[in-house]
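Below: one structure, written as structure tokens.
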Amino acid sequence: MLLDVLADGVPIDCGGMADGLTGCYGKLPAIGIAAAAVMAGAAVVGPAVLAVFLPQLLNAIAGVPVHPPETPHAPATQAVARTLTAETAESAPPSTDVAQKGSTEFDPVAQPNQPEHPPRTTPAAGQLAPSAPELSQSQPEGDLDRSPDAHIDKPDLPQPDPGQRPVQFGQPLGAVSGKQPPLFDGPVTRDQVVQGDLGDCGTLATIGGVAGHRPSDITSAIQQNPDGTYTVTLHKASFLAPDRTVPTGQTLELTVTPDVPVYSSDQTLSAYADQTETGVAWASIMEKAMAGVDQTWNARRAAQSSPARGYERLDEGTNAGNRAELLTQLTGQPAVVRSLNKTPGNEAAAAAELRACLDNQKPVIIGVPSPPPGVGRLPHDLVGGHAYEVTSVENGIVKMRNPWGFKHPTPMTMREFLDNVRDVYTTLE
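The C-terminal position of the sequence shown is numbered 671 in my numbering, with every residue numbered one higher than the one before it.
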């Protein structure tokens, strides 16, 4: 049975970004009892009514705001950081070093009575996993006469935080060429995915993971049109269980214009996913496609989401289920959310599990929880409330990539990894 309930308003962990001085950490409401009570009433109110009103009702009972708190942002790259004033460059004191740059990530959600999602203290057991968005009545793949499902020009931008430079739409220039970057320049790599002043670390870590393991999925998904626009093709995805997404066999075709967020004070610089330093446009165009995909949502899907749209929605962050959906959208393959067995003595088995994913070209995306109150720094240069791609597990040593493009965590033992990451990760089935 397809799950049509989207748990909206799940609190997020979010690190400060632009000035690197402050951060905000969402509290995790214990709504398990409320969820159980509401689900028990499903037979009375009917599934259609439940699908529309359950997210709002749960939020009201739990006191969860519809809008997560706004998050400060940080420069996209070290080169861009150098263009900022001394007040806005990364210079956080030790006590707030974890609150830097676009580290916005929803807490993974748990579903009761699901073997692969045992009850967790963070978040509270009983929270519902997000369902597949019913994106549109798109046509089957291979229809050469189909019309685009959406024309994505200027998705909504989040309001800038105090001290953050204003953003507008424009066409950034390459730092080396001084020209508009090409869509591709040689092979697609994960290093071409660099997060900017937007809290979409999970989205970009996932895109980077696909680029690293399945680059042909990226090149086949984006093509440039004679008029300068781009056609981005995504696979529609559905949740068959709270921890598993599958392709529906249909696709979305999105026409994306070339203008992307740039800084108003210097319109040659990318503000979000970078083009300026990487010298290629594809990651920025894919980010824009994901920002605008909500234009294809039907009324029921829209009612299941927060009111935020476009880039503002991406800025709210992602959870493990969202990343599974994105993996399926990009690859056309089933994706799963799996639990990590963190029991002492299980390090070798956990390493083998993750290594098997990587050896089979399956990206591994995982989040790092926010540190406890009073803890200023996490070990290994980890950032709390941030999502990473696991890039290597060799001889019991784990390496991860930060979607910022720098400040990658230092290599760590499997035990150190298990002690510092969340309980679940996202990968292809």
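Glycine residues also receive a C-beta, built at the ideal position from the N, C-alpha and C atoms.
Taking 7 Å as the limit between beta carbons, can you name the residues of its chain near residue i, skipping five residues before and five after?
{"i": "Asn467", "result": "Thr473"}
{"i": "Phe507", "result": "Here the sequence assigns Ser to residue 507, which means Phe is not the residue at that position. For Ser507, where only same-chain residues beyond five positions count, the Cβ hits under 7 Å are Arg407."}
{"i": "Arg643", "result": "Arg432, Gly450, Tyr630, Glu631, Thr633 and His650"}
{"i": "Thr461", "result": "Phe426 and Val430"}
{"i": "Gln537", "result": "Ala392 and Ile394"}
{"i": "Pro402", "result": "Pro408 and Val409"}
{"i": "Val578", "result": "Asp485, Arg486, Ala566, Thr669 and Glu671"}
Could you pull out every residue in the same chain whose Cβ sits closer than 6 Å to the Cβ of residue i, ignoring the five residues on either side in sequence?
{"i": "Phe295", "result": "Residue confidence is low: Phe295 scores 43 on pLDDT, short of 50, so the model does not pin down where it sits. No coordinate-derived value is stated."}
{"i": "Asp661", "result": "none"}
{"i": "Asp557", "result": "Pro400, Leu440 and Gly441"}
{"i": "Ile639", "result": "Pro653"}
{"i": "Lys584", "result": "Leu660"}
{"i": "Arg565", "result": "Gly444, Thr448, Ile607 and Thr668"}
{"i": "Val663", "result": "Ile608 and Val610"}
{"i": "Thr518", "result": "Pro414, Ala417, Leu511 and Ser512"}
{"i": "Leu482", "result": "Val488"}
{"i": "Lys604", "result": "Thr669 and Leu670"}
{"i": "Thr325", "result": "At Thr325 the pLDDT is 27, less than 50, meaning the model places this residue with poor confidence; the figure from the coordinates comes in the next sentence. Cβ within range, chain order: n/a, list empty."}
{"i": "Asn602", "result": "none"}
CB residue i to CB residue j, shorter than 8 Å?
{"i": "Val498", "j": "Ala453", "result": "no"}
{"i": "Pro500", "j": "Gly470", "result": "yes"}
{"i": "His622", "j": "Glu658", "result": "yes"}
{"i": "Glu671", "j": "Arg486", "result": "yes"}
{"i": "Cys443", "j": "Gln434", "result": "no"}
{"i": "Ala562", "j": "Met656", "result": "no"}
{"i": "Gly552", "j": "Ala533", "result": "yes"}
{"i": "Thr448", "j": "Leu569", "result": "yes"}
{"i": "Gly521", "j": "Val418", "result": "yes"}
{"i": "Tyr505", "j": "Ala515", "result": "no"}
{"i": "Glu529", "j": "Asp398", "result": "no"}
{"i": "Pro206", "j": "Ala545", "result": "The structure shown has nothing for residue 206, since the chain only spans 243 to 671."}
Whose C-beta lies closer than 8 Å to the C-beta of residue i among residues of the same chain, with five residues either side of it excluded?
{"i": "Val606", "result": "Gly451, Leu596, Cys599, Leu600, Glu631, Val632, Tyr667, Thr668 and Thr669"}
{"i": "Ile672", "result": "Given that the chain is displayed from residue 243 to residue 671, the structure contains no residue 672 and the question cannot be resolved."}
{"i": "Asp459", "result": "Val452, Leu572, Thr573 and Gly574"}
{"i": "Glu589", "result": "Gly638, Thr655, Met656, Arg657 and Leu660"}
With a threshold of 8 Å between beta carbons, is residue i in contact with chain D?
{"i": "Ala483", "result": "Note that chain D does not occur in the displayed structure, where there is just one protein chain."}
Would you please state the rounded distance, in angstroms, between the beta carbons of residue i and residue j? I believe it to be under 8 Å.
{"i": "Lys421", "j": "Phe411", "result": "With a Cβ gap of about 18 Å, Lys421 and Phe411 do not count as contacting."}
{"i": "Leu415", "j": "Thr560", "result": "Going by Cβ atoms, the distance from Leu415 to Thr560 rounds to 30 Å, so no, they are not a contact pair."}
{"i": "Pro645", "j": "Leu446", "result": "4 Å"}
Can you tell me where the alpha helix (DSSP H) holding residue i begins and where it ends?
{"i": "Gly534", "result": "Trp524 to Gly534"}
{"i": "Gly444", "result": "Cys443 to His455"}
{"i": "Glu495", "result": "Here Glu495 belongs to no alpha helix (DSSP H); instead the beta strand (DSSP E) covers Arg486 to Val498."}
{"i": "Gly563", "result": "Ala562 to Thr573"}
{"i": "Ala594", "result": "Glu589 to Asp601"}
{"i": "Arg619", "result": "Neither: Arg619 is in no alpha helix (DSSP H) and is coded neither H nor E."}
{"i": "Phe481", "result": "Phe481 -> not in any alpha helix (DSSP H); beta strand (DSSP E) instead, spanning Tyr472 to Ala483."}
{"i": "Leu556", "result": "Tyr553 to Leu556"}
{"i": "Arg407", "result": "Where Arg407 is concerned, there is no enclosing alpha helix (DSSP H), given that its DSSP letter is neither H nor E."}
{"i": "Ala544", "result": "Ala541 to Ala545"}
{"i": "Arg657", "result": "Met656 to Asn662"}
Hey, quick one: how far does the beta strand (DSSP E) through residue i stretch, first residue to last?
{"i": "Glu631", "result": "His628 to Glu636"}
{"i": "Leu670", "result": "Val666 to Leu670"}
{"i": "Asp508", "result": "Asp508 to Ser512"}
{"i": "Ser581", "result": "Ala577 to Ser581"}
{"i": "Gln537", "result": "Gln537 -> no beta strand (DSSP E), and no H or E assigned at all."}
{"i": "Pro503", "result": "Val502 to Tyr505"}
{"i": "Ala672", "result": "It is not possible to answer for residue 672, since the shown part of the chain is limited to 243 through 671."}
{"i": "Ala417", "result": "Looking at the DSSP string, Ala417 is not in any beta strand (DSSP E), and its letter there is neither H nor E."}
{"i": "Arg643", "result": "Ile639 to Arg643"}
{"i": "Asp393", "result": "In the sequence on display, residue 393 carries His and not Asp. His393 -> beta strand (DSSP E) spans Ala392 to Ile394."}
{"i": "Val610", "result": "Val606 to Val610"}
**OP:** Answer yes if the stretch 564-575 comes into contact with the stretch 632-651, meaning at least three C-beta pairs across the two stretches below 8 Å, and no otherwise.
**Re:** no
Original post:
On the three-pair Cβ rule with 8 Å, is the stretch 477-497 touching the stretch 390-410?
Top reply: yes
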